[in-house]
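Count along the sequence shown from 1, then add 14; that gives the number in the working numbering. Just so it is clear, CB atoms sit at the ideal spot from N, CA and C, and this is done for glycine as well. Computed from a prediction, not measured in an experiment: that's the story for all the values here. To start, the structure under review is shown below, and the notes come after it.
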Amino acid sequence: MPHDPGERKIMKKHKDMGLETKTIHAGQAPDPTFGAVAPPIYQSSTFAFTSPEEGRRRFAGEEDGYMYSRIGNPTTRMFEDNVASLEGGFAGVAVSSGMAAVSTIFLGLLQSGDHVVMTDTVYGPSRILLESELSRFGVTSTFVNSTDITTVEAAMQPKTRIVFVETPTNPTLRVTDLAACAKIAHAHGALLAVDNTFASPILQRPLEHGADIVMHSVTKYINGHADVVGGVVVSKEKEIHAKVLKARILFGASMDPHQSWLVLRGIKTLPMRVRQAEKNAARLATMLEAHPAIAKVVYPGLASHPQRELAARQMDGFGSMISFEPTGGFEAAKALMTRVHIPVLAVSLGGVETLIEHPASMTHAGLPNEELERIGITASLCRLAVGCETIEDLEADLKQALDSLLA
Ligand code: LCS
15 MPHDPGERKI MKKHKDMGLE TKTIHAGQAP DPTFGAVAPP IYQSSTFAFT SPEEGRRRFA
75 GEEDGYMYSR IGNPTTRMFE DNVASLEGGF AGVAVSSGMA AVSTIFLGLL QSGDHVVMTD
135 TVYGPSRILL ESELSRFGVT STFVNSTDIT TVEAAMQPKT RIVFVETPTN PTLRVTDLAA
195 CAKIAHAHGA LLAVDNTFAS PILQRPLEHG ADIVMHSVTK YINGHADVVG GVVVSKEKEI
255 HAKVLKARIL FGASMDPHQS WLVLRGIKTL PMRVRQAEKN AARLATMLEA HPAIAKVVYP
315 GLASHPQREL AARQMDGFGS MISFEPTGGF EAAKALMTRV HIPVLAVSLG GVETLIEHPA
375 SMTHAGLPNE ELERIGITAS LCRLAVGCET IEDLEADLKQ ALDSLLA
């Protein structure tokens with residue numbers, strides 16, 4: 015298997031096949047040594063050369079092949095090819111976490127003096143990375159409510175290099191028009207990068223809407239079993255991929271071979287997990303909206319969601335994240351989080367188990383209070399990451415917890 019994407023024959027083979035076929039087969043062929051059907055874990059930091067000349071050629075980029083696992087690893091490569099195939103990109107770069115995916119994009123493509131336009135309600139640390147870290151290296155940024163596309167246009171500057179959009183957003187589930195953003199970014203000579211973590215490639219493929227780069231926290235739906243932290247970046251074009259790969263190699267945020275193997279195992283059931291969780295979420299969102307102990311429910315599939323029509327057009331489903339506010343404010347939110355029995359009180363999402371958390375004091379705690387209120391992360395907002403349990407059990411459990419708030 016070549017180190018450099020080269021002809022990318024493996025991905026071409028599944029190019030026109032369905033998402034289920036791709037998750038199971040893309041990037042993988044039976045092991046050439048023993049025919050093992052499950053991919054081998056190439057748990058090796060380094061790879062032998064048959065001659066000094068071969069080593070020289072590989073380091074010079076004159077020949078495909080592996081040298082050292084920070085640079086490239088066969089198990090990791092299978093995962094990279096698999097996700098690139100799902101997203102319809104040129105190639106993928108696997109990294110050690112979702113935050114490594116965000117930072118590798120910025121480190122690979124920006125320089126001092128450049129400007130970034132970002133969705134204001136992204137996952138808290140993605141925003142903090144720009145505001146408090148990349149600002150130290152002379153990168154400036156503007157945060158906009160990208161659901162209103164005019165704010166993106168208004169924020170563009172001559173030095174804007176990247177428009178970074180998260181859709182749907184964590185945890186406010188706002189939806190941004192990707193095709194409109196791509197048009198604006200390209201008209202100004204910038205790239206559109208999309209955090210596709212909440213949708214997964216099963217429900218949304220940003221490159222099809224004109225984006226140049228798509229990234230995931232693999233920790234979530236792609237792995238799906240709450241046992242791995244990882245990230246991946248898929249680029250549409252070879253030139254962008256080369257820059258992202260170089261940043262991964264030099265800044266060193268590589269994915270470990272064992273991590274890659276676990277993630278390859280998880281991704282095979284991605285379509286089934288995503289669809290089951292979505293079915294559950296749709297039922298729970300409707301049930302929550304009708305309950306007297308609930309003041310507000312945010313779910314892109316509800317008629318009350320302001321961007322429902324856009325979500326229906328741009329996505330192949332509404333996902334399995336729900337945010338809601340109980341009528342009794344912060345105290346009611348706290349009580350609810352302790353009275354549910356099935357949802358686990360924990361951050362993260364995208365696993366088979368349902369999780370509940372409080373964004374203002376947990377995932378988004380790094381943002382100032384006024385900003386949290388402004389972007390809709392109120393003190394009473396709870397986030398439910400719906401899993402794949404039996405729906406009647408989830409419904410009954412949430413109902414008993416909500417009923418207890420009225421008692
Ligand atoms: N992007 C999104 C949309 C996320 O939700 C997260 C993590 C990241 C990037 C970063 O990924 P990581 O480095 O953690 O793999 N979101 C989390 C959350 O909502 N709860 O815990 C982590």
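query                                                                                                                                                                    : result
Output the residues surrounding ligand 1, defined as those with a CB atom closer than 6 Å to any ligand heavy atom, in chain order.                                      : SER111, GLY112, MET113, TYR137, SER140, GLU180, ASN184, ASP209, THR211, PHE212, SER231, THR233, VAL243, GLY245, VAL361, SER362, LEU363 and THR377
Can you name the residues that DSSP bridges to PHE157?                                                                                                                   : MET132
Quick one: Cα of ALA291 to Cα of THR60, how far?                                                                                                                         : 40 Å
Which one or two residues does DSSP pair with CYS396 in a beta bridge?                                                                                                   : PHE338
What is the C-beta distance between ILE119 and ILE227, in whole angstroms, given that I count them as a contact (C-beta under 8 Å)?                                      : 6 Å
May I ask you to report which of helix, strand or coil DSSP gives GLU367?                                                                                                : coil
If contacts are defined as beta-carbon pairs under 8 Å, then ALA347 and HIS372 qualify, I think. What distance do you get, rounded to the angstrom?                      : 6 Å
Quick check on PHE178: does DSSP put it in helix, strand or coil?                                                                                                        : strand
Please report the Cβ distance between LEU259 and ILE176, rounded to the nearest whole angstrom; I am assuming they are in contact, meaning their Cβ atoms lie under 8 Å. : Their Cβ separation, rounded to whole angstroms, is 17 Å, which puts LEU259 and ILE176 out of contact at 8 Å.
From TYR6 to LEU284, what distance separates their C-alpha atoms?                                                                                                        : Residue 6 lies beyond the stretch modelled for the chain, which goes from 15 to 421, so this question has no answer here.
Judging by CA-CA distance, which residue of GLY238, GLY245 and LEU276 is the nearest neighbour of ARG289?                                                                : GLY238
Just how far apart, CA to CA, sit VAL277 and VAL242?                                                                                                                     : 7 Å
Can you give me the C-alpha to C-alpha distance between ARG322 and GLY315, rounded to a whole angstrom?                                                                  : 6 Å
Which partner residues does THR165 have in the DSSP bridge list?                                                                                                         : Its beta-bridge partners do not exist; DSSP assigns none.
Report the option in HIS305, PRO44 and VAL97 whose CA atom is closest to the CA atom of ILE236.                                                                          : VAL97
Report the option in THR186, PRO88, SER160 and LYS257 whose CA atom is closest to the CA atom of PHE178.                                                                 : SER160
Would ALA62 be called buried (16 or more neighbouring beta carbons within 10 Å of its own) or exposed?                                                                   : exposed
Name the DSSP beta bridge partners of GLY245, please?                                                                                                                    : VAL109 and SER231
Are PRO271 and ILE308 close, meaning C-beta to C-beta below 8 Å?                                                                                                         : no
For a quick check, are the C-beta atoms of PRO357 and ILE370 less than 8 Å apart?                                                                                        : yes
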